[in-house]
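Working notes, beginning with the structure itself.
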Amino acid sequence: MEDTTRKTAPHAIDVPYIERAADGGLGYLDLKQNPDVDIVARIASDRFTGGDTALVVGPDDKILGSAAVLAPVESVAVLIPAKTLLELGDGTHLIRSRVRDADGSEFDSAPSELVIKLTVPGDLDTVVSTPYINENLVVPTIVPRPIDPATP
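Mind the numbering: the sequence shown is residues 53 to 204 in our numbering, read in order.
Below, the structure written as structure tokens:
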């Protein structure tokens with residue numbers, strides 16, 4: 053019978069690093085403005101080898117993105133479609149790195165929090181624990197001034 057329990061890595065696997073989320077999370081401009089964009093997550097490990105697969109795993113063990121490792125490297129860039137992150141919705145989500153070796157054994161990093169905030173000024177805040185307060189602001193409006201007819 054195959055052992056299906058998750059293993060702790062015998063070597064260090066860092067949590068996924070998403071540079072676009074380094075300022076507090078991913079927001080409307082990161083995900084909704086262009087939902088066809090890919091968000092780059094970098095996974096570092098002290099021992100990637102050819103034949104490994106690097107994965108970013110979200111809530112409920114959902115695979116958010118993956119990348120094949122072709123040669124020994126120290127880090128791998130994993131592309132996560134913005135549409136996949138949009139499905140998670142507003143809130144704080146636990147994500148982690150996973151490395152699947154050529155034998156099929158899987159090793160996980162510790163979990164890391166990813167904040168997603170999709171509301172914009174004037175929208176209702178659906179999750180009060182998220183870090184921004186812009187949704188409490190009035191929707192921006194511009195009141196045009198009349199142009200003087202004598203202006204060329």
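Ideal Cβ placement from N, Cα and C applies to all residues, glycine included. Model, not experiment: these values are computed from the prediction.
(request) Work out the CA separation of PRO124 and ALA106 for me, nearest whole Å. (result) Spanning the two alpha carbons is a distance of roughly 12 angstroms.
(request) For ILE115, write down the residues that DSSP places opposite it in a beta bridge. (result) Per DSSP, VAL109.
(request) Would you check if the distance between the CB atom of ASP82 and the CB atom of ARG72 is smaller than 8 angstroms? (result) Yes.
(message) So, with DSSP's three-state summary, where would you put ALA134?
(response) Per DSSP, reduced to three states, the secondary structure at ALA134 is helical.
(message) Could you tell me the alpha carbon to alpha carbon distance between GLY143 and VAL167, rounded to whole angstroms?
(response) For GLY143 and VAL167, the gap between their C-alpha atoms comes out near 6 angstroms.
(message) Can you tell me where the alpha helix (DSSP H) holding ASP82 begins and where it ends?
(response) That run of the alpha helix (DSSP H) goes 80-83.
(request) Report buried or exposed for ASP104, applying the criterion of at least 16 other Cβ atoms within 10 angstroms of its Cβ. (result) Classified as buried, ASP104 has 16 or more neighbouring CB atoms from the shown chains inside 10 Å of its CB.
(message) Quick check on ARG94: does DSSP put it in helix, strand or coil?
(response) Note: ARG94 maps to strand in three-state DSSP.
(request) With DSSP as the reference, label ARG197 as helix, strand or coil. (result) DSSP places ARG197 in coil when its eight states are reduced to three.
(request) Look at the alpha carbon of THR136 and the alpha carbon of LYS84, and state the distance between them as a whole number of angstroms. (result) Taken atom to atom, the span from the alpha-carbon of THR136 to that of LYS84 is near 11 angstroms.
(message) Along the chain, where does the beta strand (DSSP E) containing ILE147 start, and where does it finish?
(response) Its beta strand (DSSP E) spans residues 143-152.
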